[in-house]
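> Residue numbers (the working numbering): 13 to 263.
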Ligand code: PEP
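1) So the candidates are 52, 142 and 113; which of them puts its Cα closest to the Cα of residue 248?
2) When you compare only the Cα positions, how much space is there between residue 91 and residue 101?
3) Using DSSP's beta-bridge definition, name the partner residues of residue 175.
4) Cα-Cα, which of 31, 15, 24 and 27 is closest to residue 252?
5) With DSSP collapsed to three states, give me the class of residue 49.
6) Residue 259: which of 36, 45 and 157 sits nearest, CA to CA?
7) I'd like to know if residue 21 contacts chain B, where contact means its C-beta is closer than 7 Å to some C-beta of that chain.
8) Could you tell me the distance, in whole angstroms, from the CA atom of residue 48 to the CA atom of residue 178?
9) On the DSSP letters alone, give me the boundaries of the beta strand (DSSP E) that residue 17 sits inside.
10) Does the Cβ of residue 52 lie closer than 6 Å to at least one heavy atom of the ligand PEP?
11) Within this structure, are the beta carbons of residue 18 and residue 243 separated by less than 7 Å?
12) CB-CB under 6 Å to residue 37, same chain, minus the five flanking residues each way: which ones, in chain order?
13) Could you compute how far the alpha carbon of residue 238 sits from the alpha carbon of residue 15?
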C-alpha cells in the first residue's frame, strides 16, 4: 500500500515571514493528520526558516530545484549539500516551468536527479506533455522520452523512495484539470513503464502523483484513482486552508 503524498510547490511566492505564518497555520490545522506524507517546497530563501517552523512536525521540506554539481564556481546556483544542510528531504526536479522557461532538458534533469540521489534527497521528478503534444496524440511518446532520458543510468530498484509527478503542462496554473480518466490513463502507463524497466515490486511501491490545477473541489476524485498516489499543488498550496483540505482529501 502506497502512502499518499501531497506536496506544496510555492514557486516564487512567500517571503520568510509569510512562510513561517503559513507553516504555523498549516501545522496547527493538520495536527491530527496521519497516514499522508505532507511536503512543503518554499523558495530557496525561505527554506531554512520554513524548516525550523516544521521541526517537531511530521511534515517534510523540499526544494524546487537543485544544481548538478555539489560546490564550486557556479554563481547563483544552489546544490544538494546546501539543501540537505537546511533540512530538505525532497527535491523537485524537471518542473515544466524549468523546462519551458529555463531550457531544462532531459539530460539536465538526469544530472539533477543524480545530484539529488548522491546527496540523499528524494527526487520528485516531473514529467508532462504540452497541449499541442496531447492534441497530436504524442502524450505517451513525450512522457516515455522524458522518463528514458531523465532516468538514464538510475536504478529505481536500488532506491528506498522516488516520486514521479505527472503534470500535464496545459493544466498547470490554468485552472484546467485533467479529467480523472485522462490522469489515471497516464499514471497507469507510467506504472507499467516502471514495472517493465525495474520490476513489479518497484512499480508497486513508487508513488506517482498528479499536478495541474489540483484544488479541494477536485482532489478527492483524482486521488480515488488506483494509480494516483498524491498531488503536487501549485496555486492552491498558497492558501493554508485550501492546502489542508487537499491533504485531508487524501486521508
Ligand atoms: C505546479 O506548479 O506544479 C502546479 C501543479 O501548479 P498549479 O497547481 O497551480 O496548476
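C-beta atoms are modelled at their ideal positions from N, C-alpha and C, and glycine is treated no differently.
Here the structure is a predicted model, which is why all the values come from computation and not from measurement.
Taking the definition as stated:
1) Counting from 1 along the chain shown, the entry for residue 248 is found at position 236. If we check each option's Cα against that of residue 248, 52 comes out closest.
2) Within the chain shown, the letter at position 79 stands for residue 91. Within the chain shown, the letter at position 89 stands for residue 101. Cα-Cα distance, rounded: 13 Å.
3) The residue labelled residue 175 in the question sits at position 163 within the chain shown. Partner(s): 136 and 219.
4) Counting from one through the chain shown, the residue named residue 252 turns up at place 240. With distances taken between Cα atoms, residue 252 lies closest to 31.
5) The residue you call residue 49 lines up with position 37 of the chain shown. Three-state DSSP puts residue 49 in a strand.
6) In the chain shown, residue 259 corresponds to position 247, counting from 1. Taking only the C-alpha atoms, the option nearest residue 259 is 45.
7) Here there is only one protein chain, and chain B is not present.
8) Numbered from 1 along the chain shown, position 36 holds the residue referred to as residue 48. Numbered from 1 along the chain shown, position 166 holds the residue referred to as residue 178. Their backbone Cα atoms lie some 19 Å apart in a straight line.
9) Locating residue 17 in the chain shown gives position 5, where the first residue counts as 1. That run of the beta strand (DSSP E) goes 17 to 21.
10) Indexing the chain shown from 1 puts residue 52 at position 40. It does not: the Cβ of residue 52 is nowhere closer than 6 Å to a heavy atom of the ligand PEP.
11) Looking up residue 18 in the chain shown gives position 6. Looking up residue 243 in the chain shown gives position 231. Yes. Within cutoff.
12) Walking along the chain shown from the start, residue 37 turns up at place 25. So the qualifying residues of the chain are 252.
13) As a first step, residue 238 must be located in the chain shown, where it is residue number 226. As a first step, residue 15 must be located in the chain shown, where it is residue number 3. So the two alpha carbons sit approximately 12 Å from each other.
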